[in-house]
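Working notes, structure below.
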Amino acid sequence: MSILVIGATGTIGSLVTQGLADAGAEVKALVRQAGKRDFPAGVTEVVADLTDVPSMRAALSSVRTLFLLNAVTPDEVTQALITLNLAHEAGIERIVYLSVIHADKFTNVPHFTGKHTVERMLESLDIPATILRPAYFMQNDLMVQQTIQNYSVYPMPIGSAGVSMIDARDIADVAVAELLRRDKASSALDRVTLELVGPQALTGASVAKTWSSALGREIAYGGDDVAAFEGQLASYGPGWLAYDMRLMMAGIQTFGMQAAEGTVNRLEAIIGHPLRSYEDFVREATAGV
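Have a look at this one:
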């Protein structure tokens, strides 16, 4: 029996696949099309589509443990609920699901409320699972690094409530640890929810200061205008996604993204190393610039 990674070709999923392979686990990577990317030695590709029930039944038929990461798409909830129902039908009792922090607070944000719906399903059916609730990924800022360097502005309107950004590698490390813990257990383990955060709460101003220090020149915070942010995203991507991201940024400005006291220590105990800091991330991103 093996561990099936859904979302295996993305930022987090590829790191999870690599981490599991490094640990000697038997890993299957779900793909929609065979041969589009290279996986670590020993990882088996499984071709299926999350909305194609027969292919998903086949993909789940010889699986002991499941990692589920859904991309932000218009049918994200449908994909997740079908997959988890089929996993439940197949008797899979070892699941790690990637949700999002404060999924229950950002009630007007489509992909937050979608993930909260999935969490409620896991709870109501009493499915043995680890629910991972990450805050904003540090790696999101790689998408705006060129803007920061070219225009001396940090453009993400994260406000001043405080966002405990987390490095994608730390998210993957927690996911791998939880998948292995569940996979190796002699029977199904209790459901658990883990909020995933980095070691410090950041604001738009403090992030700009970090980039200023790394680049050796003044980087300004672009401000809290979420309408302008939506317009910028919509100029090169789907309008529904730009609006979803606008609503998320407004929620971040209102609620922030911070976990309960003691969370950092708990996460570091799980992964066995300190959580990566935003300063380290920026230093790495700007090496050689």
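Numbering-wise (our numbering), the sequence shown opens with residue 5 and increments by one.
Note that beta-carbon positions come from the ideal geometry of N, C-alpha and C, so glycine has one too.
This one's a predicted model, so the numbers in the text were calculated from it and none came from an experiment.
1) For S164, which residues of its own chain have a beta-carbon under 6 Å away from its beta-carbon, when the five flanking residues on both sides are left out?
2) Per DSSP, what kind of secondary structure is T48 in: helix, strand or coil?
3) I'd like to check one pair, E234 with R250: are the Cβ atoms closer than 7 Å?
4) Residue range of the beta strand (DSSP E) that I135 falls in?
5) Comparing C-alpha positions only, which one of T77, V51, I162 and R61 sits nearest to G241?
6) Considering only residues of the same chain and omitting the five flanking positions on each side of I86, which have a CB-CB separation below 8 Å?
7) Go ahead and label W215 buried or exposed: buried means 16 or more other beta carbons lie within 10 angstroms of its beta carbon, across all protein chains shown.
8) Could you check whether the region 191 to 204 touches the region 136 to 151, counting it as contact only if at least three pairs of C-beta atoms, one from each stretch, sit closer than 8 Å?
9) Per DSSP, what kind of secondary structure is M249 in: helix, strand or coil?
10) When the Cα of L24 is compared with those of A52, A209 and F71, which residue comes out closest?
11) What's the C-alpha gap between D108 and V47?
12) Would you be able to state if there are at least three C-beta pairs under 8 Å between the region 149 to 168 and the region 123 to 132?
13) Output needed for L237: all residues of its chain with C-beta closer than 8 Å, excluding positions within five of it in sequence on either side, in chain order.
14) Hey, would you say A52 sits closer than 7 Å to L73, going by beta carbons?
Quick answer:
1) Same-chain partners within the cutoff: T207.
2) strand
3) yes
4) A133 to P138
5) T77
6) L54, T55, V57 and M60
7) W215 is classed as buried because its beta carbon has at least 16 other beta carbons within 10 Å across all chains shown.
8) yes
9) helix
10) F71
11) 35 Å
12) No, the region 123 to 132 is not in contact with the region 149 to 168.
13) The residues are L245, A246, M249 and R250.
14) no
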